[in-house]
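Asks: Below is one structure. I have some questions about it.
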Amino acid sequence: MKKEYKELKKLIEKNNNILILTHKGPDFDGFCAGLILKKYLNTIYPKKTVSFKTRHHPTQKISFMHEIEIAQTINVGDEDLIILVDAGTWDMCTTKDDTIQLTKAKVAIVDHHDTKNMQADSVVNENMSSATEQVLKYCKEVSGKKFEITKGIAFLGQVGIVYDTGRFLYDNTKPETYELMAQLRRIYPVDLENFEYKSTKFPMDTLLPLKIYIQNIHIQGDMAYTYINREDIESNGISKTGMNNAQEFVRDKVIRYIQGIHWGFVVKPYLENSNEWRISFRSTKGYQEVAKIAEALGGGGHQYAAASKIQATNGDEATQKVLQVISQIVGE
Ligand SMILES: [Mn+2]
1439 MKKEYKELKK LIEKNNNILI LTHKGPDFDG FCAGLILKKY LNTIYPKKTV SFKTRHHPTQ
1499 KISFMHEIEI AQTINVGDED LIILVDAGTW DMCTTKDDTI QLTKAKVAIV DHHDTKNMQA
1559 DSVVNENMSS ATEQVLKYCK EVSGKKFEIT KGIAFLGQVG IVYDTGRFLY DNTKPETYEL
1619 MAQLRRIYPV DLENFEYKST KFPMDTLLPL KIYIQNIHIQ GDMAYTYINR EDIESNGISK
1679 TGMNNAQEFV RDKVIRYIQG IHWGFVVKPY LENSNEWRIS FRSTKGYQEV AKIAEALGGG
1739 GHQYAAASKI QATNGDEATQ KVLQVISQIV GE
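If you read the sequence shown in our numbering, its first letter stands for residue 1439, the second for the next number, and so on.
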């Protein structure tokens, strides 16, 4: 067994009150990895207390979702071990109201991001397709047949992997990923087309912020960027979900799809903090390693998909700050 696996196993065995957390705005990989880990711990260590806290419900039904504990703020409790899944830093998981990052409990990380994970008592990150694949690999290797992949777990496994590999399109898809997928589908084949269709639908109030984002697209060489200003949000009464969905849409389906454009970024305001902006970078493979830019701004992520926070008084200033860092790094 790998050294990292042994370390995590020891930590789990030694502690009795385990809290699982994932990144803010959890995606299906975060939800599925967290739920599989919770089911695994409940099965193998039935005497331990295990909870999985997030701030949101999944946007679609997934197995065991009723076991997620919804918490607006995540504070220090009586847990003695915290396991972060699909995240490698406190910053990815906490807001300014949380206190959990001050914990005296042991902290373990099960992640798959390229960006360096923070110092922790145990880190399991083999750069897999998804945190879901990493969690499943750990469970299978450590517990073998004692850990039964039920229909429910097979469902979560497929959803997490499909979501984070972009339906097996990304480079992070390895032969092992397909092998695991084959195994999961023999147990229970999820209707993936239907799941994907439902999870791609967006609420109607996405349309107005999407229109603003598209109007604000600027093109610089082979890069495109866009932003939305606080005034636009306030004067149009744009909802948080509408804005988030529009940002995701323009980030994932517009920016890199304009002919001649291969990469870019999208600026979004944090509604809770008037001087904070989130910058999301995306690039077509082989064009621009956006993780470097995000890291220079204090963020991180994957080689071609990364994000960071920035302090600025308005969207324009935030954009200018990003452009400055880009010109230093890319030299344009
Ligand atoms: Mn992930």
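In this text, a Cβ means the ideal position worked out from N, Cα and C, and glycines have one as well.
For A1525, which option in T1492, E1710 and D1518 has the closest C-alpha, if you only look at C-alpha atoms?
Replies: T1492
Asks: Go to K1477, then tell me how far its beta strand (DSSP E) extends in each direction, as first and last residue.
Replies: From DSSP, K1477 is part of no beta strand (DSSP E) but of the alpha helix (DSSP H) over F1466 to I1482.
Asks: Report the option in I1508, Q1498, I1500 and P1496 whose CA atom is closest to the CA atom of S1489.
Replies: I1508
Asks: Would you mind working out which of K1440, K1544, K1534 and H1495 sits nearest I1450, comparing C-alpha positions?
Replies: K1544
Asks: Would you say V1580 and Y1443 are within 7 Å of each other, going by their C-beta atoms?
Replies: Contact flag set, yes.
Asks: Tell me, which residues are paired with F1774 by DSSP?
Replies: It is not possible to answer for residue 1774, since the shown part of the chain is limited to 1439 through 1770.
Asks: Helix, strand or coil: which one does DSSP assign to F1502?
Replies: coil
Asks: Hey, how far is the Cα of S1560 from the Cα of K1542?
Replies: The straight-line gap from Cα to Cα measures roughly 15 Å.
Asks: As an exercise, report each continuous beta strand (DSSP E) stretch of at least 3 residues that is fully enclosed by the region 1549-1615, in chain order.
Replies: 1560-1562
Asks: For F1490, does the three-state DSSP call read helix, strand or coil?
Replies: Correct three-state label for F1490: strand.
Asks: In terms of residue numbering, what span does the alpha helix (DSSP H) encompassing N1674 cover?
Replies: R1668 to N1674
Asks: In whole angstroms, what is the alpha-carbon distance linking R1689 and R1716?
Replies: 12 Å
Asks: Ignoring anything shorter than 4 residues, give me the alpha helix (DSSP H) runs that lie fully in the region 1737-1769, in order along the chain.
Replies: If we require 4 residues or more, the alpha helix (DSSP H) runs fully inside the region 1737-1769 come out as 1753-1768.
Asks: In chain order, what residues of the same chain have a beta carbon less than 7 Å from the beta carbon of Y1478, not counting five sequence neighbours either side?
Replies: C1577 and F1585
Asks: Between S1568 and ligand 1, is the CB less than 6 Å from at least one heavy atom?
Replies: yes
Asks: Grouping DSSP H, G and I as helix and E and B as strand, with all else coil, what is K1452?
Replies: helix
Asks: How far does the beta strand (DSSP E) with V1523 in it extend, from its first residue to its last?
Replies: L1519 to V1523
Asks: Using a Cβ-based criterion (distance less than 6 Å to any ligand heavy atom), does D1552 qualify as near ligand 1?
Replies: no
Asks: If you check the beta carbons only, do S1567 and D1602 fall under 7 Å apart?
Replies: yes
Asks: Report the residue from Q1762, G1769, Y1663 and N1711 whose alpha carbon sits nearest the alpha carbon of R1720.
Replies: Y1663
Asks: Does the distance from the CB of Y1665 to the CB of T1757 come in under 7 Å?
Replies: Taking 7 Å as the Cβ cut-off, Y1665 and T1757 qualify as a contacting pair.
Asks: Any heavy atom of ligand 1 within a distance shorter than 6 Å of the CB on D1524?
Replies: For D1524, the Cβ falls inside the 6 Å cut-off from some heavy atom of ligand 1.
Asks: Can the beta-carbon of I1538 be found less than 7 Å from the beta-carbon of I1500?
Replies: no
Asks: Just to check my reading of the structure: N1674 and G1753 have Cβ atoms closer than 8 Å, yes? What is that Cβ distance to the nearest angstrom?
Replies: The pair is not a contact, with the Cβ atoms about 14 Å apart (cut-off 8 Å).
Asks: Measuring CA to CA, which of I1625, Y1695, I1676 and Y1635 is closest to I1657?
Replies: Y1695
Asks: Between which two residues does the alpha helix (DSSP H) harbouring Q1658 extend?
Replies: From DSSP, Q1658 is part of no alpha helix (DSSP H) but of the beta strand (DSSP E) over H1656 to Q1658.
Asks: Pick out whichever of G1468, K1678, H1504 and I1520 has its Cα sitting closest to the Cα of A1569.
Replies: Closest option to A1569, Cα to Cα, is G1468.
Asks: Which first and last residues belong to the alpha helix (DSSP H) in which V1728 is found?
Replies: V1728 to A1734
Asks: Which whole-angstrom value describes the C-beta separation of A1684 and L1735, a residue pair presumed to lie in contact below a C-beta threshold of 8 Å?
Replies: About 22 Å; that fails the 8 Å criterion.
Asks: Taking all protein chains shown into account, do 16 or more other C-beta atoms lie within 10 angstroms of the C-beta of K1494, making it buried, or fewer, making it exposed?
Replies: Just to set this straight, residue 1494 is His in the shown sequence, not Lys. With fewer than 16 Cβ atoms within 10 Å of its Cβ, H1494 is classed as exposed.
Asks: Using the rule of at least 16 other Cβ atoms within 10 Å of the residue's Cβ for burial, across every protein chain shown, is G1739 buried or exposed?
Replies: buried
Asks: The alpha helix (DSSP H) spanning T1679 covers which residue range?
Replies: K1678 to K1691
Asks: Report whether the distance from the Cβ of D1602 to the nearest heavy atom of ligand 1 is below 6 Å.
Replies: yes
Asks: Between the beta-carbon of L1574 and the beta-carbon of G1595, is there less than 7 Å?
Replies: yes
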